[in-house]
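The opening residue of the first sequence carries number 16 in our numbering; numbering runs sequentially from there.
Ideal Cβ positions, reconstructed from N, Cα and C, are used throughout, including at glycine.
What follows is one structure encoded as C-alpha cells, with my remarks underneath.
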Amino acid sequence: MKDNIFADIIDTKGLFIDKEVLRHTYKPSKLPHRDEEVKIMRYNLVEALKGHIPSNMILYGVSGAGKTAVTQFICSQLEEMGQNIDRFVNPVFINCRKIDTQYRVLAHLGNSLLEDYENDDIPFTGWPTDKVFSELIRRMDRLGGVHIIVLDEIDHLVKKSGDDLLYNLTNLNAELKKARCSVIGISNDLKFTEYLDSRVQSRLGQEDIIFNPYNAAQLQDILRMRSKKGISKGALGKGVIELCAGMAAQEHGDARRALNLLRVSTEKAEQSGDTEVIERHVRIAQNQIECDQITPVIRSLPSQQKLVLFAVLRNEKHGLKNIATGEVFELYKQACKNFGSNILTSRRITTLLSELDTLGLITAKTVSNGRYGRTKMINSCIPNSIDPMEIMIEAEDMMIAVDNGKYRFQAKI
DNA sequence: AATCCACAGGAAGCCCGGGAAC
DNA sequence: GTTCCCGGGCTTCCTGTGGATT
C-alpha cells in the first residue's frame, strides 16, 4: 500500500472542513440579506398549505442573486410543513435552459408525477402536444394537492419557444378538477415579459419580486457564514474574503461566483502545500475559473460555430478589433474552403454570431456607419491566458494544424 | 428631406432524424 | 411499413434600421 500514489496524502489534514458548503448547489439553512424576499414569497405560498391557489410569481434578478436558492429553500420548507399537516404540496423545478420547448417541459412535468409502480414515461418526442397536456392534467388530478411549478431561466424559454406554454400553464387551474397549481417564473431578464401576450403577462405576473444584486459587504457576510462551516479556522489569510467578495461584486454581485472563488482559492493553497489562503491564491483561482468556464463551451461547439469563432479569432490574431459581420463572413468562407466544409448562408452566420454572443464567447454590438451601412462590431471575449486554438485542436470533429506558425484546418482522422 | 448602405432579424418553409400509433 | 408528430438545422425571402451622404 505504501507505493500507492494516494497513500501519503489521504490522511493529510486539509484546509477544508466541508468543501460542499462552498458549492452553489449546497442548500443553506439561512439566507442572509434575503429576508424581505422570503417574507413576500412565504406570505403568498402559505395559501398552498390552506389548500388554496397561491398567486403566480415572477422573480427577477441577475444570476447569483439568490433567486433559485431562495425558491428552493422556501419550497422545501413548504413541502415539509405540508407533510406535517397532511396537505400535499408538490414543488417541481425545471431549468428552462436545459428543457426549453413546450413539449419537453410538459413531458418533464408529467413524468415527475409518476407513481412508484408506474413505468409509462411520456416519450421525449412522438406524442401530439395536446395529448401530453391532457396526460399532465390527468396525473395532477390523480395526485391532488397543490403543484408549484418553478420555471428557472424562464426568459430563455420564452425567447426560444414563445409563450404558448405559459398560456397553457397559467390556465391549468381551469382544467384541473381536484388538484391546484401555481407557477413561479425565475428570470435574469427584467424585460422578458415584453415578449408575452398581455393575458399571460397579467396571469403570470400577479406577484413580481426583484432580487437586487448583492453588494460587496453582503457578499462578505455570505462568504463568512459559509467559510465558518466549510473552511478550517485560521486558514483564511487577511483580506481574502474581502477580495473574493470585491471581485464578485464587480461582476454584478454574483454570490455563486464569490463562493466559487473562495473554494478554488482554498484548493489552490492546499495544492501548493500552504497552510493559509492568501491573495495570490485568489488571483490564481480567478484565472482558473475563467479558463474552466470557457474551455468546455468552446469544446462543445458544433463545427460550423467553431469555424465562425475561428474567423473572429483569426482577425484578432492579426490585431484587428471591432470586425464587421461581413468581414467575419468572408474569413469564415475561406476557413470553410481550407477545411473542405460546406459554406452556410450569411443569414445563418448572423444567427451563429448571436449565439456566440449569448454564450459570452464574443461581444456583438450593433453600430451604424451611416451611409456605409449598419452592422455589428464583433470582438472576442476569450481571456489571453487561454489559447482557443489549442482547445479547437482537441475537438472531436475537426482540428486546426499549425503550419509554419499559420493555422490551417484539416479533417481529423 | 430623401437616399442609401450593410446588414439585423422575423417568418415561412424544407429536410432530416427519432419515436409513437395505426 | 406507413403515417403522424416534434425538434433542430438550415435556406429563402423579406422588412426594418440608424445615421452619413447627397
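Could you have a look at residue i and say whether DSSP puts it in helix, strand or coil?
i	result
D289	coil
H128	In the sequence on display, residue 128 carries Leu and not His. Looking at L128 - three-state DSSP - the assignment turns out to be coil, as it is neither helix nor strand.
G334	coil
D33	coil
D23	coil
R423	In this prediction, R423 has a pLDDT of 46, which is less than 50 and means its spatial position is unreliable; what the coordinates show is noted afterwards. R423: strand per DSSP, three-state reduction.
S213	helix
T378	strand
E266	coil
P106	strand
C396	coil
V77	coil
T390	strand
A250	coil
S369	helix
H67	coil
I164	strand
I313	helix
I201	strand
I224	strand
On a Cα-Cα basis, can you pick out the residue from the options that is closest to residue i?
i	options	result
L346	L219, N203 and K321	K321
S318	L371, E282 and Q308	L371
E94	I163, G141 and D50	I163
L363	V343, F354, V292 and K82	A small correction: the amino acid at residue 363 is Arg; Leu does not occupy that position in the sequence shown. It is V343 whose Cα lies nearest to the Cα of R363.
T390	T378, R271 and F354	T378
R214	S280, D178, V297 and G254	D178
V165	F108, A189, E190 and L191	F108
Y229	L238, G268, I199 and F207	G268
A80	Y118, N302 and L46	L46
N353	S369, F325, L124 and T365	F325
S217	A284, I73 and L258	I73
K243	I20, I32, D18 and R119	I32
I393	N186, V323, L158 and G220	V323
Q98	E222, H123 and A63	A63
D167	Y182, K193 and G200	G200
Q449	C351, K283, A231 and C306	The shown model of the chain, from 16 to 428, leaves out residue 449, and the question about it has no answer.
P69	S202, S127 and L219	L219
S78	Q221, L128 and R271	R271
Taking residue i and residue j to be in contact with their CB atoms under 8 Å, please state how far apart those CB atoms are, rounded to whole angstroms.
i	j	result
I225	M56	With 8 Å as the limit, I225 and M56 do not qualify as a contact, their Cβ atoms being about 12 Å apart.
A263	L234	6 Å
G245	K65	In fact, because the Cβ distance is near 38 Å, the residues do not count as touching under 8 Å.
R241	V53	About 18 Å separates the two Cβ atoms, so there is no contact after all.
L124	I152	No, L124 and I152 are not in contact; Cβ-Cβ is about 10 Å, not under 8 Å.
Taking the alpha-carbon positions, what's the residue i to residue j distance?
i	j	result
R386	D204	34 Å
H39	S315	23 Å
K421	I114	Any reading at K421 is ruled out, since the residue's pLDDT is 44, under 50, leaving its predicted position unreliable.
S400	I309	11 Å
T340	N330	12 Å
S395	V61	48 Å
T360	C111	29 Å
V104	V161	5 Å
N302	L276	10 Å
S176	D170	10 Å
D50	I89	12 Å
F207	L274	28 Å
S369	M96	45 Å
P43	L180	32 Å
I256	M155	46 Å
T158	I237	It is Leu, not Thr, that sits at residue 158 in the sequence shown. Those two C-alpha atoms are separated by around 39 Å.
Q425	V327	Residue placement at Q425 is flagged as unreliable, the pLDDT there being 47, under the threshold of 50; the coordinate-derived value follows with that caveat. Taking the straight line from one Cα to the other gives about 18 Å.
P248	G29	The residue you asked about is not Pro; residue 248 is Lys in the sequence shown. Between K248 and G29, the C-alpha separation is close to 11 Å.
I137	C196	20 Å
G252	E291	6 Å
L258	S280	11 Å
Discussion item. Tell me whether the segment 144-158 and the segment 80-97 touch, counting them as touching only if at least three CB pairs, one residue from each stretch, are closer than 8 Å.
Written reply: no
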